[in-house]
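Have a look at the structure below, then the notes.
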Amino acid sequence: GDVYKRQAFRPVSMRSLISFTSVSALASPATHARAAEPEAPLDVVRGLVESIRSFERSEGGEPLSPIQEQKNRRTTESAHAALDFDGLARRSLGDTWQKLSEEKRRDFVALLKRLFAEVAYPSSSEFFGALEIDYTDAGLRGAQHVIAAEVSHPDEGLVDLEFHLEKVDGRWKVVDLHLDMVSLALD
């Protein structure tokens, strides 16, 4: 059966989804000249946020133009490259992950990527808009590198974010986002 489909998923608030998506969508791909040198964690997070900010949104229900859709595909690829989707899926499903076949794991990761591309990135783009974000490189905490960010949003107030990154295949990737000290991967 579809083990993960029968699991009771915890509802995720829009603020949590937007925040997590915003963090993960900001990384930009390394340039060819720097391909051998992994991006610093702070650069990954800043790139992710800038990618998310550049996501095109529909205005007044009008469909996006082909050029806007192409730009969003590139933005999605860039944002996806900054996230460790396998790790996010594993953390979010907890013990259930071990019970899934490889096929079901791939299906869940694909579903998670689609959710980010179709819901989280566009919503995060709207949330972050032109807001000023103050970043602080908090350094290593065990195997994770933490980048703190503070955003003052007119509707949400002061939002504290912590991007948790780990080395995955030699590159820093976002493995979790803490919103007001709560892990979004585990919550």
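According to the working numbering, the sequence shown is numbered sequentially starting from -8.
C-beta atoms are modelled at their ideal positions from N, C-alpha and C, and glycine is treated no differently.
Whole-angstrom distance between residue j and residue i, CA atom to CA atom
i	j	result
Thr66	His169	23 angstroms
Gly52	Leu149	30 angstroms
Gly133	Arg96	27 angstroms
Gly161	Glu60	31 angstroms
Ala176	Asp125	23 angstroms
Met172	Leu156	15 angstroms
Gly85	Ser174	13 angstroms
Lys158	Glu68	19 angstroms
Pro107	Arg64	Here the sequence assigns Phe to residue 107, which means Pro is not the residue at that position. About 12 angstroms.
Val110	Glu30	27 angstroms
Ser56	Val142	31 angstroms
Gln89	Asp98	14 angstroms
Glu123	Phe46	17 angstroms
Thr87	Gln135	24 angstroms
Glu93	Pro54	36 angstroms
Close Cβ partners of residue i (< 6 angstroms) along its chain, the five nearest in sequence each way excluded
i	result
Ala139	Thr127, Ala129, Glu153
Inter-residue CB distance, residue i and residue j (contact presumed, cutoff 8 angstroms)
i	j	result
Val100	Asp77	6 angstroms
Ser116	Ile58	The Cβ separation is near 17 angstroms, so there is no contact.
Arg82	Asp167	7 angstroms
Ala73	Lys164	6 angstroms
Phe119	Val40	6 angstroms
Own chain, CB closer than 7 angstroms to residue i, minus 5 neighbours either side, in chain order
i	result
Leu103	Phe76, Leu79, Ala80
Arg48	Pro113, Ser116, Glu117
Glu50	none
Asp184	As shown, the chain starts at -8 and ends at 178. That puts residue 184 outside it, with no answer to give.
For residue i, the residue or residues it bridges with in DSSP
i	result
Arg132	Gln135
Lys164	Glu157
His169	Glu153, Ser174
Ser143	Leu149
Leu74	Val165
Asp125	Glu141
Buried/exposed call for residue i, threshold 16 Cβ in 10 Å
i	result
Arg37	buried
Ala121	exposed
Leu17	At Leu17, the pLDDT of 41 sits below 50, so the modelled position is not reliable; the number obtained from the coordinates is stated separately. By the neighbour-count rule (16 or more Cβ atoms within 10 Å), Leu17 is buried.
Ala26	Reliability fails at Ala26, whose pLDDT of 49 lies under 50, so the model's placement of it is uncertain and the value that follows must be treated cautiously. Counting Cβ neighbours within 10 Å, Ala26 comes out exposed, since fewer than 16 surround it.
Close Cβ partners of residue i (< 8 angstroms) along its chain, the five nearest in sequence each way excluded
i	result
Leu33	Tyr126, Asp128, Ile138
Leu131	Val137
His144	Phe118, Leu122, Val150
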